[in-house]
Every structure is written in C-alpha cells, then in structure tokens.
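Colleague:
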Amino acid sequence: MTFKDQWRFVMQNIKKSKSRVFMTILATAMGVTFLIVLASVGFGLHDSIVKETLEDRAITKIQVAGLEDESGNGQGLTDKEIKEIEAMQGIKTVTRRIHLSQSPTFSLEDYTGYAQNTVVAHFPSELEAGLELAKGEFPEDENEIIVGHDFISGLTPENIDTEELYDEEGRLKEEYMYEESLLGKTITLTVLNSLEEEHQVQLEIVGMTQKPARDWMQDSTVFITEKVLREIEAFTGTPKGEVLTEEESSTQVQQEEVYDDVYAYADNLEAVEPVTEALKGKNYYIYSVADELKNINIMFTIAKAGLIFIGTIAIIIASIGIYNTMTMAVTERTPDIGIMKAMGAHPKVIKQIFLLESSYIGIIGAVIGTAVAYLISVLVNIGLPFIIETAFDEQLPEGLTFSSIPWSLILISVVICLSVTILSGLKPAKRATKIDILRALRRDI
Numbered sequence: 001m002t003f004k005d006q007w008r009f010v011m012q013n014i015k016k017s018k019s020r021v022f023m024t025i026l027a028t029a030m031g032v033t034f035l036i037v038l039a040s041v042g043f044g045l046h047d048s049i050v051k052e053t054l055e056d057r058a059i060t061k062i063q064v065a066g067l068e069d070e071s072g073n074g075q076g077l078t079d080k081e082i083k084e085i086e087a088m089q090g091i092k093t094v095t096r097r098i099h100l101s102q103s104p105t106f107s108l109e110d111y112t113g114y115a116q117n118t119v120v121a122h123f124p125s126e127l128e129a130g131l132e133l134a135k136g137e138f139p140e141d142e143n144e145i146i147v148g149h150d151f152i153s154g155l156t157p158e159n160i161d162t163e164e165l166y167d168e169e170g171r172l173k174e175e176y177m178y179e180e181s182l183l184g185k186t187i188t189l190t191v192l193n194s195l196e197e198e199h200q201v202q203l204e205i206v207g208m209t210q211k212p213a214r215d216w217m218q219d220s221t222v223f224i225t226e227k228v229l230r231e232i233e234a235f236t237g238t239p240k241g242e243v244l245t246e247e248e249s250s251t252q253v254q255q256e257e258v259y260d261d262v263y264a265y266a267d268n269l270e271a272v273e274p275v276t277e278a279l280k281g282k283n284y285y286i287y288s289v290a291d292e293l294k295n296i297n298i299m300f301t302i303a304k305a306g307l308i309f310i311g312t313i314a315i316i317i318a319s320i321g322i323y324n325t326m327t328m329a330v331t332e333r334t335p336d337i338g339i340m341k342a343m344g345a346h347p348k349v350i351k352q353i354f355l356l357e358s359s360y361i362g363i364i365g366a367v368i369g370t371a372v373a374y375l376i377s378v379l380v381n382i383g384l385p386f387i388i389e390t391a392f393d394e395q396l397p398e399g400l401t402f403s404s405i406p407w408s409l410i411l412i413s414v415v416i417c418l419s420v421t422i423l424s425g426l427k428p429a430k431r432a433t434k435i436d437i438l439r440a441l442r443r444d445i
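For the sequence shown, the UniProt record's numbering gives the first residue as 1, with consecutive numbering after it.
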C-alpha cells in the first residue's frame with residue numbers, strides 16, 4: 001500500500017467525521033496558542049531586560065576593581081598593572097581615570113556650578129574605547145578641559161536666593177539657565193586645602209560629551225588634565241587634592257598613585273570570557289556585563305522552561321480529544337481494516353495510517369495555533385502598554401516588549417504538539433492492528 005493510498009484513506013475518514021475532527025483540531029490549536037503566547041511573555045521580557053542591560057554599556061567592557069596581593073589583601077591598580085593588562089591577549093585597550101578627592105567650585109562669569117566628578121582620563125585609550133564628543137574636540141593644551149553634557153544645567157547665577165532659583169518641582173527656572181555655548185569659554189576652578197585657603201585655576205572648555213543614552217541619566221563630569229591635577233596636589237599637599245585635617249596629614253603615608261576607575265575592553269564578544277578568566281587567574285577583581293547577562297539568561301531560561309511546561313499541559317488536555325477521535329475512527333473503520341487485512345495489508349501499514357491521521361491533526365492544529373499566537377502577540381504589544389498607561393497612569397520604559405515569538409519557540413511548540421498528538425494516536429493505532437479479520441468482515445455483513 002503506497003503512501004498515496006494511505007493518505008487517501010485518511011482523507012476519506014476525515015471527510016466522514018468533519019465536525020469531530022474540526023473540534024479536535026480546534027482544541028489542539030488552542031493548546032498551541034496558549035503555549036506560545038504564555039512562553040512569549042518570558043521571551044519578550046527577557047529581550048527587553050537584556051536590551052536595557054546593554055544600553056549605554058559595552059558588552060566587551062570589563063571593570064577591573066583591584067588586585068589581590070600575596071597576603072590576600074586588596075590593592076589598587078598602578079601603571080604597572082595597567083601595562084600588564086594591556087599586554088594580555090584579547091585586550092583592545094584599557095581606560096583609566098583618577099578622581100579629584102574634593103568637589104571644586106566652577107565659576108563662569110556670574111554663574112557657579114559643581115561637577116558630578118572631576119577626573120583625569122587617559123584620552124588615547126578613551127578614544128579607542130569609543131568615547132565621543134557631542135561638540136568640540138579633545139584637549140591638546142594642559143589647561144583645556146571637557147565637560148559632561150549636563151554640566152551646563154548645573155550652573156546657577158550668583159547672589160540670587162535659592163528659593164527664587166528653583167520652581168516647585170525643584171528644577172532651575174528657565175530664566176536663570178545659562179544659555180550661551182560653553183565651548184571656548186574660560187572657567188575658573190576653585191579648590192581648598194586643609195587650612196580652607198582657596199586656589200584658582202583658569203581653564204578653557206574645548207569639548208562636551210554626548211548625551212547619556214538613558215533619559216534619566218545626567219552627566220556633569222569635568223575632565224581635567226594631569227598637569228592641573230598636579231597643580232592642585234601641590235597646593236593641598238595631598239594625593240588627588242584630598243582635604244585632610246592636620247592630624248590626618250601627619251599620619252598619612254605616601255603611597256604610589258593608584259587609579260580609581262579601570263576598564264579593560266576585549267577585542268570582541270568572543271574574547272570577553274577568555275579575558276575575564278585570565279584576569280581572574282591573575283587575582284584581579286573584575287566584573288563585566290557578560291557576567292550579568294549570564295545570570296539573567298539562567299534566570300529567564302528557568303522561567304521560560306516553566307512557562308513552556310505549563311503551556312504543554314494545555315496540549316496534553318487537547319490530546320484527550322485526539323485519543324477519542326482516533327478511537328472512534330478505528331471503531332468506525334473496523335470493516336475497512338478487516339478488508340485491508342484480508343487483502344494482505346501488513347499491520348505496520350495499518351498502524352501508519354492512523355498515526356498519519358493523528359499527525360495531520362497535530363500539524364494543522366500547530367499551524368493554526370501559531371498564526372493565532374502571532375496575532376495575539378502583536379495585539380498584546382500594541383494594546384497592553386496603552387491599557388497600563390491609561391488605567392494606572394504609569395509611564396512604561398521605552399521599547400518594552402511584552403511578547404516575543406522567536407523561531408526557537410515555534411519549533412519547540414510544534415515538536416511538543418506533534419509528539420503529544422502522535423502519542424495520543426499510538427494506542428488506537430495499535431488497537432487497529434489487532435482487529436480480528438473474521439469479526440471485522442462479519443460485522444460488515
């Protein structure tokens with residue numbers, strides 16, 4: 001009996017019981033839809049969290065927080081360690097920054113402001129790591145500086161009462177904002193020493209960094225040169241311009257200068273893991289976004305597996321209908337089975353016919369269920385954010401995806417559906433092979 005003949009036999013049976021087969025396919029499709037839509041929530045939220053984690057952060061960026069020495073104590077990183085890391089295989093560049101250990105005052109004309117951080121950066125490595133300017137250029141002279149994108153918003157006019165400067169929401173009133181371009185302006189940096197004496201340094205603003213990728217973030221960092229830092233240190237008599245009491249100054253031990261922020265950048269994503277393992281092997285304290293992503297992936301893999309398991313239960317429930325349909329098909333086609341056996345049909349062929357019918361139900365149900373799941377996914381992503389924002393007056397993060405259906409989820413769903421439907425038709429198919437020829441033909445008579 002050829003496959004074509006088997007298929008014709010299956011179609012004849014389906015046409016005779018259209019209503020029953022339709023309801024069985026509908027139940028299967030509903031089960032597949034439930035599985036895909038349920039699991040798609042896990043996939044969608046996973047994609048959104050990964051996207052947010054990587055936003056404004058380089059996946060190849062590795063933070064090197066320090067080094068564990070032979071006695072087990074932590075120590076800072078010096079030029080020696082920087083050179084060692086730069087020489088490692090898979091390293092693209094190493095950025096390093098030193099923070100000024102006090103908050104200086106910045107004066108511009110009749111305005112005064114403060115920086116989020118005042119740092120000395122190694123600009124060649126920063127450039128290679130991808131630091132970009134929104135305006136201007138990188139410093140070439142020792143008294144040139146770069147300011148953060150939001151530094152200008154921190155400048156406030158002098159000799160005006162604080163209550164007058166800000167509105168009810170705590171924001172600087174528009175009429176008091178500094179409106180001119182900062183590029184080319186000369187700004188005065190003022191620092192203090194332990195005797196509360198002031199020292200001023202004249203600096204020229206030559207560049208401004210890009211706006212942070214996240215709207216809620218602000219960058220008012222000021223990048224100064226090493227020469228300016230040394231001038232401040234000479235005035236305060238302390239490393240990094242730290243302001244110490246007389247007692248603290250007398251007990252301070254001169255130490256080799258260490259960097260406050262050190263980041264190693266791998267050549268590519270594939271090099272991140274080998275580089276992190278190599279750094280750990282050399283007793284460096286490290287952290288990378290890749291480590292965070294690994295934890296996120298593990299957590300969501302467990303969540304998605306649980307959602308798929310719950311969705312599978314719906315398909316298993318639908319399989320009861322498939323079992324009932326196939327059992328009825330065997331009962332109704334008993335005379336036909338008897339004739340096929342009398343004509344010499346092998347039991348294996350009879351079994352294949354009924355498994356083919358259950359597979360057909362599974363495939364059609366999977367196709368319909370997948371199509372409906374895609375439609376529901378689109379509606380959820382469009383409608384749910386609107387409903388949440390309207391009903392709860394909450395602003396959702398931009399780009400948040402509630403439902404995502406990758407090809408892997410479709411493949412998993414189809415495999416589960418076919419497996420369950422074939423298993424459901426297996427027992428009725430075996431029963432068909434055991435039908436007695438004489439009883440089947442006698443019933444036909």
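Beta carbons are placed, not taken as given, at the ideal position from N, Cα and C, and that holds for glycine.
All values reported here derive from a predicted model rather than from experimental measurement.
1. Flag this pair as touching only if the region 281-291 and the region 91-99 have three or more C-beta atom pairs under 8 Å; answer yes or no.
2. Pick from Ala129, Glu126, Ser153 and Glu81: whose alpha carbon is nearest that of Thr112?
3. Measure the C-alpha to C-alpha separation of Gln12 and Ile298 and round it to an integer number of angstroms.
4. Compare the Cα-Cα distances from Val37 to each of Ile388, Phe386 and Ala371 and report the closest residue.
5. Report all residues from its chain with a CB closer than 6 Å to the CB of Asp110; omit the five preceding and five following residues, and keep chain order.
6. On the DSSP bridge list, what partners appear for Lys61?
7. Helix, strand or coil, according to DSSP, for Ile405 in the structure here?
8. Name the DSSP beta bridge partners of residue 509, please?
9. Please name the residue or residues paired with Ser288 in a DSSP beta bridge.
10. Where do the N-terminal and C-terminal ends of the beta strand (DSSP E) with Ser125 fall, by residue?
11. Report the rounded CA-to-CA distance for Ile410 versus Ser404, giving the unit in angstroms.
12. Is Ser250 buried or exposed, if buried means 16 or more other CB atoms sit within 10 Å of its CB?
13. Given 8 Å as the limit, is there contact between the region 228-244 and the region 100-108, that is, 3 or more CB pairs closer than that?
14. What residues in its chain sit with their C-beta under 8 Å from that of Ile224, if we drop five residues either side in the sequence?
15. Just to confirm, is the Cβ distance from Thr66 to Tyr285 under 9 Å?
16. According to DSSP, simplified to helix, strand and coil, what is Ser107?
17. Tell me whether the beta-carbon of Tyr259 lies closer than 9 Å to the beta-carbon of Lys61.
18. Does DSSP classify residue 450 as helix, strand or coil?
19. Find out if the Cβ-Cβ distance for the pair Thr24, Ile322 is shorter than 9 Å.
20. Name the one or two DSSP bridge partners that Ala166 has.
21. For Ser220 versus Asp150, is the C-beta distance shorter than 9 Å?
22. Only counting runs of 4 or more residues, tell me where the alpha helix (DSSP H) segments fall wholly within the region 169-239, in order along the chain.
23. Out of curiosity, what's the CA-to-CA distance linking Leu26 and Lys430?
24. Contact defined as beta carbons within less than 8 Å: I believe Phe34 pairs with Lys304. What is the distance between those atoms, to the nearest angstrom?
25. For the beta strand (DSSP E) that Lys135 lies in, which residues bound it at each end?
26. Pull up the CB-CB distance for Gly207 and Gly136, whole angstroms please, since I reckon it's below 8 Å.
27. Just to confirm the assignment, what range does the beta strand (DSSP E) spanning Val147 have?
28. Taking only three categories from DSSP, how would you classify Val258?
29. Whose C-alpha, out of Trp407, Thr401, Tyr265 and Gln395, is nearest the C-alpha of Val378?
30. Hey, out of Val201, Glu175 and Phe235, whose CA is closest to Leu195's CA?
31. How about Ala115 and Val275: are their beta carbons less than 9 Å apart?
Modeller: Based on what the coordinates show:
1. No, the region 281-291 does not touch the region 91-99.
2. If we check each option's Cα against that of Thr112, Ser153 comes out closest.
3. For Gln12 and Ile298, the distance between alpha carbons rounds to 49 Å.
4. Its Cα nearest to that of Val37, the residue Ala371 stands out among Ile388, Phe386 and Ala371.
5. Result list for Asp110: Pro157 and Glu158, in chain order.
6. Answer by DSSP bridge pairing, in chain order: Tyr265.
7. DSSP, read as helix, strand or coil, puts Ile405 in coil.
8. Since the first residue of the chain shown is 1 and the last is 445, residue 509 is not available in this structure.
9. Ser288 pairs with Ile62.
10. Careful: Ser125 lies outside any beta strand (DSSP E), inside the alpha helix (DSSP H) at Phe123 to Ala129.
11. Spanning the two alpha carbons is a distance of roughly 11 Å.
12. Low confidence applies to Ser250: its pLDDT is 49, below 50, so where it sits in the model is not reliable enough to give any reading.
13. Contact between the region 228-244 and the region 100-108 is present, because at least three Cβ pairs lie under 8 Å.
14. Only Leu100, Thr118, Val119, Val120, Ile145, Leu189 and Leu203 meet the Cβ criterion.
15. Reading off the sequence, residue 66 comes out as Gly, not Thr. Closer than 9 Å, so yes.
16. Three-state result, Ser107: strand.
17. Their beta carbons are not under 9 Å apart, which means Tyr259 does not touch Lys61 by this criterion.
18. No answer is possible for residue 450: it lies beyond the span of the chain, which begins at 1 and ends at 445.
19. Yes; because the gap between Cβ atoms is below 9 Å, this pair is in contact.
20. In the sequence as displayed, the identity of residue 166 is Tyr instead of Ala. Note: Tyr166 sits in a beta bridge opposite Leu172.
21. If you check the CB distance, Ser220 and Asp150 come in under 9 Å.
22. Segments of the alpha helix (DSSP H) lying fully in the region 169-239: 226-236.
23. The alpha-carbon of Leu26 is positioned some 25 Å away from that of Lys430.
24. Separation of the CB atoms of Phe34 and Lys304 is rounded to 15 Å, and the pair is thereby denied contact status at 8 Å.
25. First-last of the beta strand (DSSP E) with Lys135: Leu133 to Gly136.
26. 3 Å between Cβ atoms; contact.
27. Where Val147 is concerned, the enclosing beta strand (DSSP E) stretches over Glu144 to Val147.
28. If DSSP states are grouped into helix, strand and coil, Val258 belongs with coil.
29. Selected option, being the one with the closest Cα: Thr401.
30. Residue Phe235 is the option with its Cα nearest to Leu195.
31. The answer is no: Cβ separation not under 9 Å.
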